[in-house]
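Colleague: Got a structure here, written out as structure tokens. Questions coming.
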Amino acid sequence: MLKVLAKKRNQFSRRRFLEMSLRISFSMIVVNAARFDIIPVFNACYYASLTVLRLSSILLFQTWIKMKATLLLTTVLLVLFHQITCEKILLLNSARIGQSHIFFMGKIADVLVEAGHNVTFYQQDAFTSITKVGTKKAHVIVRPCELGCRDQPSDDVWHNGDELLDNIEVYKIYGKLMGDACESQLKDDSVTDMFRAQNFDLVIAEHLDYCAHALAEKAGINKVISASAVMLQPMVLEAMGNPTNIAFTSGLDDDHGSQMTYLQRAKAFLMYPIKRWITWHTFESYPVEAIRKYYRADFNHADAIAKSSYVFVNIDEHLAYQQPLSEKFVYIGGVGEHMGRDHVLPENINDILEKSKKGVILISFGTIAKSYLLPQERKQELIETFKAFPEYDFIWKYEVDDDVAANLTNVHKLKWTPQSDLLAHPKLLAFVTHGGLNSVSESAHKGKPFVCIPVFGDQNHNCFSAQEKGLAVMIDKHEITQKNMVHALTTVLQTSYQERSLQFARMMADKPFQPKDRIIGFVQHALKYDVSTALDLPGRKLSIIQYYFVDVIVPLLVGVILSSYLSYKLVTRSVGFLQSSVKRKVE
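Each residue of the sequence shown is one higher than the one before, starting from 1 at the first, in the UniProt record's numbering.
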């Protein structure tokens, strides 16, 4: 018995010795890597291969007596070699213009880190109020703002109209900021030198971030995946050679969904070229001009986007407008909902939920449309709405301390709310939102119906889509009245709406190939193969005249008209000739 115990003790000691040796060896390599500033290579790979190291130590122990020293050394080297040969991926944001955009890109970064890739998320500071980096696992580089730095515009969005023409000055602020940020980076060669030195295998950048595509090209990174933090918009559809489908989809700020009246279709047709012209001159042109001035005069933004292997779209396909699309478009909406996150709420918020009689309604208008900037008359209408639902509690994301709704015991104003965690709670019954895509997506994936009050940008587009799916009720931001709010909340609190939302959430959760799997799979495929060329749409290279057969239809029409005219003239002359012949014979 004593011999058996001694043998087991020796085996355990050898096992511990081997495992500790492996860990110490790996730690020494990481320490040495840090000295040469290559630690980012290991930050992702270490997590991905920790399990491999542990399993390797166990397997090596089981064959400890039989293994030769050379085999042991070879195994250790193979394990460590795996650590330093994983793919290097750069997520590139050339101007932080929206916190939700950073969060979307950050979720992609975290998924890729978990998959074992070495991921760097480069961000150019722009709006001073956007400070969160969006990722918990990737290596982050934030370049300080040098040109055009300012706070994010927020006071005008409640007063302006919903359409593009009403928000030209706001779009100009965003466009000029992106142009200034682009100029600053292109003039600083150290930015692209840094990218080039890291030998990145792939870049992921937003499709509307033309400067990011130019920086990637300048750094010699050939493989690119575009990402869209908003629903598919005309600028990316056009660039990829895809039909824009304005006959049955909503544009950036249209006042309709896919179901249109004749007048709405006529307006969409007539306004489309005007809106594209305005979008170009108020938003897109600023960074493109900077690129052509400081990098390459013949830079074509559409061609740069079209070189993308894929386009990751921040919406679930069940929630998106249905339309024919290139195989390059990959829906990854809800990726943040599928990463095993524990929804733990702060104690003060949890108390509100647990003590509520019938349930809780969340009100949040995002980071741009701040609640405290609501016109006073609309704040009062909301207060009257709260009074109409005394058995429900309202958690209102409200950014300042004041006396608004101070006398209402069922209203809880908070400067910050953990939105995703709140929506996951069973006593959270409904959501009043501005219709940002992240908010719409989170609410839909959590199975919570919502009241959608679009304020700016793509929010009309998102709200109409959710309303058509039976998940939301829309209210115009200029029509926030007690009557409209009570009707909308009463509707979404109905059992049928609650059940519909839950069923829709289950449908998205049960689909094959979840967003996380799609990101990992399509990134790996793009790294291995020339996907961009294989999936490129030939129609992208055709002119409008060629694409719509104008060069064929016009000659045919001319031919038909000319033939008809000649036939008509021939018949009339023939008839006239016959009539004159008959007349002569009669005479």
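Glycine included, C-beta positions come from ideal geometry on N, C-alpha and C.
Apart from the five residues just before and just after Arg-378, which ones in its own chain have a Cβ nearer than 7 Å to its Cβ?
Modeller: Within the same chain, Arg-378 has close Cβ partners Ile-480.
Colleague: Closer than 8 Å by C-beta to Glu-468: which residues in its own chain qualify, once you throw out the five before and the five after it? Chain order, please.
Modeller: Within the same chain, Glu-468 has close Cβ partners Gly-257, Ser-258, Gln-259.
Colleague: What are the start and end residues of the beta strand (DSSP E) that includes Trp-396?
Modeller: 393-397 is the span of the beta strand (DSSP E), which, as asked, contains Trp-396.
Colleague: Could you give the distance in angstroms between the alpha-carbon of Val-111 and the alpha-carbon of Val-558?
Modeller: C-alpha separation (whole angstroms): 58 Å.
Colleague: For the candidate residues Ser-543, Ala-302, Asp-180, whose alpha-carbon lies nearest to that of Glu-146?
Modeller: For the residues Ser-543, Ala-302, Asp-180, the minimum Cα distance to Glu-146 belongs to Asp-180.
Colleague: For Phe-522, which three-state DSSP category applies?
Modeller: Note: Phe-522 maps to helix in three-state DSSP.
Colleague: State the Cα-Cα distance for the pair Arg-265 and Lys-275, rounded to the nearest angstrom.
Modeller: Spanning the two alpha carbons is a distance of roughly 15 Å.
Colleague: Which value, in whole angstroms, describes the spacing of the CA atoms of Ser-567 and Phe-577?
Modeller: Cα-Cα distance, rounded: 15 Å.
Colleague: Count the other CB atoms, across all protein chains shown, that sit within 10 Å of the CB of Met-507; report buried if there are 16 or more and exposed otherwise.
Modeller: Classification of Met-507: exposed, given that the 10 Å Cβ count is below 16.
Colleague: Just confirm the distance between the C-beta atoms of Gln-124 and Asn-245, as a whole number of angstroms; I'd bet it's less than 8 Å.
Modeller: That belief does not hold up - the Cβ atoms of Gln-124 and Asn-245 are roughly 33 Å apart, past 8 Å.
Colleague: CB-CB under 6 Å to Val-203, same chain, minus the five flanking residues each way: which ones, in chain order?
Modeller: Hits under 6 Å: Leu-90, Leu-92, Ala-216, Ile-221, Val-224.
Colleague: So, with DSSP's three-state summary, where would you put Ile-480?
Modeller: In this structure, Ile-480 counts as coil in the three-state DSSP scheme.
Colleague: Report yes if the C-beta distance between Ile-383 and Ile-363 is below 8 Å; otherwise report no.
Modeller: It is not a contact, given that the beta carbons lie outside the stated cut-off.
Colleague: Grab me the residues of Lys-3's own chain with a C-beta within less than 6 Å of its C-beta, minus the 5 sequence neighbours each way, in chain order.
Modeller: Low local confidence applies: a pLDDT of 47 at Lys-3 is under 50, so the model's placement there is unreliable, with the coordinate-based value given in what follows. Result list for Lys-3: empty, nothing under 6 Å.
Colleague: Could you compute how far the alpha carbon of Tyr-321 sits from the alpha carbon of Arg-573?
Modeller: Cα-Cα distance, rounded: 58 Å.
Colleague: Roughly how far, in whole angstroms, is the beta-carbon of Ala-388 from the beta-carbon of Gln-482, given that I think they are within contact range, below 8 Å?
Modeller: Confirmed, about 7 Å.
Colleague: So what does DSSP say about Phe-283, is it helix, strand or coil?
Modeller: Phe-283: helix per DSSP, three-state reduction.
Colleague: Where Thr-63 and Leu-423 are concerned, what is the direct C-alpha to C-alpha distance, given to the nearest angstrom?
Modeller: Residue placement at Thr-63 is flagged as unreliable, the pLDDT there being 48, under the threshold of 50; a coordinate-derived value is accordingly withheld.
Colleague: Decide if Val-575 is buried, meaning its Cβ has at least 16 other Cβ atoms within 10 Å, or exposed.
Modeller: With fewer than 16 Cβ atoms within 10 Å of its Cβ, Val-575 is classed as exposed.
Colleague: Taking the alpha carbon of Ser-501 as the reference point, which residue from Phe-431, Ile-352, Leu-535 has its own alpha carbon closest?
Modeller: Taking only the C-alpha atoms, the option nearest Ser-501 is Phe-431.
Colleague: Note down the Cα distance separating Leu-493 from Gln-233, rounded to an integer number of angstroms.
Modeller: Taking the straight line from one Cα to the other gives about 32 Å.
Colleague: Could you give the distance in angstroms between the alpha-carbon of residue 596 and the alpha-carbon of Gly-366?
Modeller: The structure shown does not extend to residue 596, since the chain is modelled only from 1 through 587, so no value can be given for it.
Colleague: Pull the bridge partners of Ser-364 from the DSSP assignment, please.
Modeller: Thr-433.
Colleague: Identify every residue that forms a DSSP beta bridge with Ser-226.
Modeller: In DSSP, Ser-226 forms a bridge with Ala-205, Val-311.
Colleague: Please say whether Ala-214 and Glu-206 have beta carbons closer to each other than 8 Å?
Modeller: Cβ distance not < 8 Å, so Glu-206 and Ala-214 don't count as in contact.
Colleague: Hey, out of Met-178, Thr-261, Val-455, Val-119, whose CA is closest to Val-159's CA?
Modeller: First, the residue type needs correcting, since residue 159 is His and not Val in the sequence shown. Nearest of Met-178, Thr-261, Val-455, Val-119 to His-159, Cα basis: Val-455.
Colleague: If you follow the beta strand (DSSP E) that residue 615 is part of, which residue opens it and which one closes it?
Modeller: Because the chain is modelled from 1 through 587, residue 615 falls outside the range shown and cannot be assessed.
Colleague: I need the DSSP call for Lys-357, collapsed to helix, strand or coil.
Modeller: DSSP places Lys-357 in coil when its eight states are reduced to three.
Colleague: Which word fits Pro-426, buried or exposed, when buried means at least 16 other C-beta atoms lie within 10 angstroms of its C-beta?
Modeller: By the neighbour-count rule (16 or more Cβ atoms within 10 Å), Pro-426 is not buried but exposed.
Colleague: Quick one, which of Gly-333, Tyr-295, Thr-417, Leu-374 has its alpha-carbon nearest residue 590's?
Modeller: One cannot answer for residue 590 here, as it falls past the ends of the chain, which runs 1 to 587.
Colleague: Which two residues bound the contiguous alpha helix (DSSP H) that contains Met-194?
Modeller: Start and end: 189-198.
Colleague: Using only the alpha-carbon positions, how far apart do Phe-490 and Ala-126 sit?
Modeller: It should be noted that the sequence gives Thr, not Phe, for residue 490. C-alpha separation (whole angstroms): 41 Å.
Colleague: Could you check if Ala-229 is buried or exposed, using at least 16 other CB atoms within 10 Å of its CB as the buried criterion?
Modeller: Answer is buried; the Cβ neighbour count reaches 16.
Colleague: CB-CB under 8 Å to Ile-102, same chain, minus the five flanking residues each way: which ones, in chain order?
Modeller: Only Asn-93, Arg-96, Gln-123, Ile-130, Lys-132, Val-133, Gly-134 meet the Cβ criterion.
Colleague: Where do the N-terminal and C-terminal ends of the alpha helix (DSSP H) with Ala-406 fall, by residue?
Modeller: Note, Ala-406: premise wrong, no alpha helix (DSSP H); not H, not E.
Colleague: Output needed for Gly-521: all residues of its chain with C-beta closer than 8 Å, excluding positions within five of it in sequence on either side, in chain order.
Modeller: Once the five neighbours on either side are set aside, the close Cβ partners of Gly-521 are Phe-513.
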